[in-house]
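Chains as they are written, first to last, in the numbering used here: chain E, 319 to 528; chain U, 319 to 528; chain C, 319 to 528; chain X, 319 to 528.
No residue lacks a Cβ here, since even glycine has one placed at the ideal position from N, Cα and C.
The structure displayed is predicted, hence computed values, not measured ones.
Below you'll find the structure, written out as structure tokens, and then a few comments.
Protein chains: 4
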Amino acid sequence: MSQSEPAPAPQFANGRAGKRDRIIAAALRLFARQPYQEVTMDSVARLAAVAKGTLYLYFESKEALYLGILTDGFEKATQHNADDPQAQVAERLHHAIANSIEFYDSHRDFLQLLATEEPRIAAARSRVIQEFRQRGFDFFSSLIEEGMARGVFRRADPRVVTLTIIGAIRALLLYYDQPHDGAELSQELSRMMLEGLTAGTRNHRKAHTK
Amino acid sequence: MSQSEPAPAPQFANGRAGKRDRIIAAALRLFARQPYQEVTMDSVARLAAVAKGTLYLYFESKEALYLGILTDGFEKATQHNADDPQAQVAERLHHAIANSIEFYDSHRDFLQLLATEEPRIAAARSRVIQEFRQRGFDFFSSLIEEGMARGVFRRADPRVVTLTIIGAIRALLLYYDQPHDGAELSQELSRMMLEGLTAGTRNHRKAHTK
Amino acid sequence: MSQSEPAPAPQFANGRAGKRDRIIAAALRLFARQPYQEVTMDSVARLAAVAKGTLYLYFESKEALYLGILTDGFEKATQHNADDPQAQVAERLHHAIANSIEFYDSHRDFLQLLATEEPRIAAARSRVIQEFRQRGFDFFSSLIEEGMARGVFRRADPRVVTLTIIGAIRALLLYYDQPHDGAELSQELSRMMLEGLTAGTRNHRKAHTK
Amino acid sequence: MSQSEPAPAPQFANGRAGKRDRIIAAALRLFARQPYQEVTMDSVARLAAVAKGTLYLYFESKEALYLGILTDGFEKATQHNADDPQAQVAERLHHAIANSIEFYDSHRDFLQLLATEEPRIAAARSRVIQEFRQRGFDFFSSLIEEGMARGVFRRADPRVVTLTIIGAIRALLLYYDQPHDGAELSQELSRMMLEGLTAGTRNHRKAHTK
DNA sequence: TATGAATGAGATTTCATTCAT
DNA sequence: TATGAATGAAATCTCATTCAT
């Protein structure tokens with residue numbers, strides 16, 4: 319009964335892909351709008367237009383499906399990132415902020431999913447999410463620290479700064495309820511953070527020339 | 319099923335601590351640590367040391383119990399607030415930040431509860447939370463606008479500023495993982511926000527004398 | 319979710335017992351007539367005239383229910399036994415055979431249950447059944463060995479003799495399809511076994527005087 | 319669903335071992351070790367190294383596959399038998415016992431299969447097994463009766479004797495857990511049965527000269 | 001008020017069977 | 001003949017809610 323492998327995961331080398339993606343898309347849509355427990359495998363199957371059993375051909379369990387969505391989203395998010403290590407620190411910070419806002423702004427369902435997955439989650443998901451969050455944190459954090467090391471940013475607790483930026487991005491995406499485009503929000507946020515970070519440093523002027 | 323009146327809400331004329339409070343406390347502890355659906359009425363009853371049927375004497379349903387916790391928490395949060403309309407705007411903003419951090423720092427379970435209750439929730443809770451969030455938003459927002467109107471803060475989209483502050487507070491409370499006390503975090507955050515907001519205004523100096 | 323104890327197992331100190339017994343009785347009836355997997359909890363509940371959920375109040379799982387039946391049956395079987403260590407060995411052997419036949423003859427469903435539970439069973443049940451079978455084996459076996467040691471029975475492999483007796487009892491109970499009463503069968507079987515065992519010993523006469 | 323003809327039963331004109339045999343072998347191995355319901359068509363296909371759909375080319379259904387195994391085994395068992403009507407009754411009885419033990423001892427999986435298929439089985443299998451069992455019963459039974467008619471065996475209920483022998487064979491095969499070879503067991507069993515049957519007859523001596 | 005045994009709707013998962021290739 | 005992805009009926013178990021005591 320349990321001596322079979324964790325589900326053969328059908329090989330679709332050929333072009334008839336699609337089904338797995340359809341399932342992920344349907345599931346994402348639902349998980350983003352309802353609590354985990356209220357999303358039934360029936361409803362996922364219905365929305366993906368496959369039979370219920372088919373879900374289990376591609377995902378071992380409901381939890382695995384959920385994890386699949388997360389992983390899928392994280393991959394897309396990672397690909398979306400593009401840091402230019404040559405550029406000015408301030409520049410790079412602005413780009414990072416803009417990138418994040420842009421990505422989640424165009425992946426609203428995934429944003430919602432993450433937004434509610436904050437802390438009290440099942441052990442299995444926890445790892446995946448923690449790691450992803452940590453990567454985001456580290457990226458911003460090292461940028462901040464580099465800025466401080468170079469004297470472009472004033473001295474401050476880099477953790478506080480990082481969390482401020484990350485928290486702000488999240489809040490803007492979730493609660494900024496006026497019609498807007500992401501670029502404006504990025505502008506406003508970057509500016510405020512840069513002002514807050516460069517106030518009183520020699521490079522104050524320079525950082526804002528752009 | 320739901321055409322009975324909203325539950326008699328037993329009166330505790332006598333002095334003993336109140337079963338209702340015990341139930342709320344137990345439920346908060348559990349809801350803060352597990353997703354809604356995984357908290358069973360059985361577990362609440364066990365932790366509160368009452369019989370399962372008793373829960374229904376005080377709360378019409380599981381959902382009502384959850385709502386009770388939220389309302390209870392919001393009341394405490396509101397009481398905790400103390401704004402001094404006479405004080406300087408910058409001063410008041412700092413106080414507001416410090417107050418928030420202090421309150422949630424000493425009500426960790428309630429913080430966790432709110433943290434995961436972000437968007438995809440049952441209709442009934444939604445209203446309660448939305449309203450509370452709105453009140454917080456409005457408070458910070460009007461403070462910011464006042465500051466701008468008086469020329470203490472530079473011009474910027476007050477919504478962006480407000481959400482930045484609120485989002486930052488949330489992120490700091492949830493993810494600042496070093497040992498710390500709340501006051502330090504408030505200091506750091508206020509300072510950064512004030513720098514960001516006053517940069518380039520006449521009152522730049524004045525705002526930072528404190 | 320799994321930090322609760324293995325199910326409180328309702329305490330019925332008072333006279334209103336019955337329900338657990340009713341469930342056991344219903345389940346025994348069904349398990350004796352259908353393979354394990356074909357007995358549904360629904361059908362057990364229906365036959366016991368309780369709600370499905372009630373089954374889980376008394377038994378943690380379907381497997382536990384099955385185990386409950388086994389244990390219950392084994393207890394009854396053990397109580398039914400009554401060996402008189404003072405009596406003659408041949409006498410005791412006859413009594414043991416008669417006892418067994420009598421018990422299972424009046425507990426047909428339990429007999430059927432055991433009859434199919436032979437070797438390829440779930441790990442959990444295995445222990446319970448093995449132990450019970452072993453006890454039966456040991457009892458007969460020691461009786462045989464004692465008889466041989468005293469020279470009442472002729473020398474032979476006591477395991478072969480024991481298994482012959484046990485196997486014969488089982489076959490008679492299951493496949494003797496003529497109308498009969500158990501006592502006759504016991505007589506016939508005992509006689510044949512005793513003849514086979516005493517042939518050629520000094521005590522040949524003596525063993526058959528009864 | 320079942321109004322299609324009983325499956326074309328592919329002809330293997332060519333020499334290669336035959337997929338059907340491979341399937342039977344694989345299925346026997348599995349059915350002997352797990353309850354019917356736990357043997358999945360997937361696992362059979364995997365072990366037989368054919369695709370799942372292929373199973374249905376050779377067997378109409380899972381039940382038909384099971385029946386195929388039984389029939390296959392019964393055929394082999396029948397072929398294994400070899401009675402010499404010229405020989406002495408006692409001789410023939412000993413041979414029959416030895417034959418049975420030998421056959422099942424070298425077809426352990428098939429033994430296990432039968433051992434658990436005792437009474438509570440699906441209607442279709444029941445017939446096949448009953449008939450086979452009946453044949454075995456009749457064979458031993460007529461031998462016993464012949465012995466009694468000739469005065470070689472003492473008077474007794476031939477059904478009891480037959481079932482004793484059959485039951486003993488089964489028990490020895492399944493539960494004799496010491497290292498041994500089948501011939502010894504046959505010796506011991508035959509001897510005991512013959513002692514038990516000839517005790518007190520004129521031919522007592524003669525029957526044991528061998 | 002307080003209890004906790006009883007209920008039964010509903011969720012996840014399995015797997016024999018089908019069928020397009 | 002042979003394949004294996006797809007199907008969906010059916011089974012176990014959970015738990016909010018009720019109600020007799």
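Reference residue i; option with closest CA among the options
i	options	result
D499 of chain E	E:S424, E:Q397, E:F458	E:S424
G386 of chain X	X:V368, X:A343, X:H398	X:A343
Q397 of chain C	C:P403, C:S459, C:E378, C:S418	C:S418
L507 of chain C	X:D495, X:K370, X:A486	X:A486
P476 of chain E	E:R488, E:D495, E:D456	E:D456
Q452 of chain C	C:T480, C:M466, C:A442	C:T480
Q355 of chain C	C:P403, C:Y384, C:G336, C:F458	C:Y384
V478 of chain C	C:L346, C:E463, C:A408	C:E463
A382 of chain U	U:R410, U:E409, U:R426, U:L346	U:L346
A350 of chain X	X:D427, X:H412, X:Y374, X:R443	X:D427
G336 of chain C	C:R443, C:Y376, C:V357	C:Y376
R488 of chain X	X:E420, X:Q404, X:R364, X:L373	X:E420
Y374 of chain C	C:Q404, C:L348, C:R338, C:D390	C:R338
D390 of chain E	E:M466, E:V470, E:F450	E:F450
G465 of chain X	X:D495, X:R445, X:L411, X:S444	X:L411
C-alpha gap between residue i and residue j, whole angstroms
i	j	result
M510 of chain C	Y493 of chain C	18 Å
E513 of chain E	R472 of chain E	10 Å
P497 of chain X	A400 of chain X	27 Å
L431 of chain C	P353 of chain C	9 Å
R468 of chain U	L461 of chain U	11 Å
P326 of chain U	I483 of chain U	Confidence in P326 of chain U is poor, its pLDDT being 45 and thus under 50, which makes the residue's placement too unreliable to answer from.
I447 of chain E	A433 of chain E	11 Å
L388 of chain X	A395 of chain C	34 Å
A501 of chain C	A414 of chain X	29 Å
K380 of chain C	F392 of chain C	19 Å
A474 of chain C	Q505 of chain X	11 Å
R340 of chain E	A366 of chain E	6 Å
T516 of chain E	L490 of chain E	22 Å
Q406 of chain U	L503 of chain E	28 Å
A369 of chain E	G454 of chain C	52 Å
F330 of chain X	V362 of chain X	Note that F330 of chain X scores a pLDDT of 43, beneath 50, so its modelled location is shaky; the value from the coordinates is reported in the next line. If you take the alpha carbons of F330 of chain X and V362 of chain X, they lie about 21 Å apart.
E323 of chain E	D360 of chain X	Note that E323 of chain E scores a pLDDT of 43, beneath 50, so its modelled location is shaky; the value from the coordinates is reported in the next line. Their backbone Cα atoms lie some 12 Å apart in a straight line.
V470 of chain X	A416 of chain C	28 Å
Q404 of chain X	A442 of chain C	51 Å
F458 of chain U	A408 of chain U	12 Å
M402 of chain U	T358 of chain U	Checking the sequence, you will find Asp at residue 402 of chain U rather than Met. Cα-Cα distance, rounded: 43 Å.
S444 of chain C	E378 of chain X	33 Å
L429 of chain U	T372 of chain C	38 Å
Under 9 Å from the C-beta of residue i: neighbouring residues of chain U
i	result
Q406 of chain E	Here the premise fails: no neighbours, minimum Cβ distance about 19 Å.
I484 of chain E	G485, A486, A489, Y493
Beta-carbon neighbours of residue i, restricted to chain X and to distances below 7 Å
i	result
A474 of chain C	E506, M510
Neighbour list for residue i in chain C, Cβ cutoff strictly below 7 Å
i	result
L481 of chain X	A486, A489, L490, Y493, Y494
L503 of chain X	V478
Per-residue contacts from residue i into chain E (C-beta, under 9 Å)
i	result
E513 of chain U	R472, E513, G514, L515, T516, A517, G518
Distance cut-off 7 Å: residue i Cβ against heavy atoms of the ligand ZN
i	result
E393 of chain E	Looking for the ligand ZN in the displayed structure turns up nothing, as the structure carries no ligands at all.
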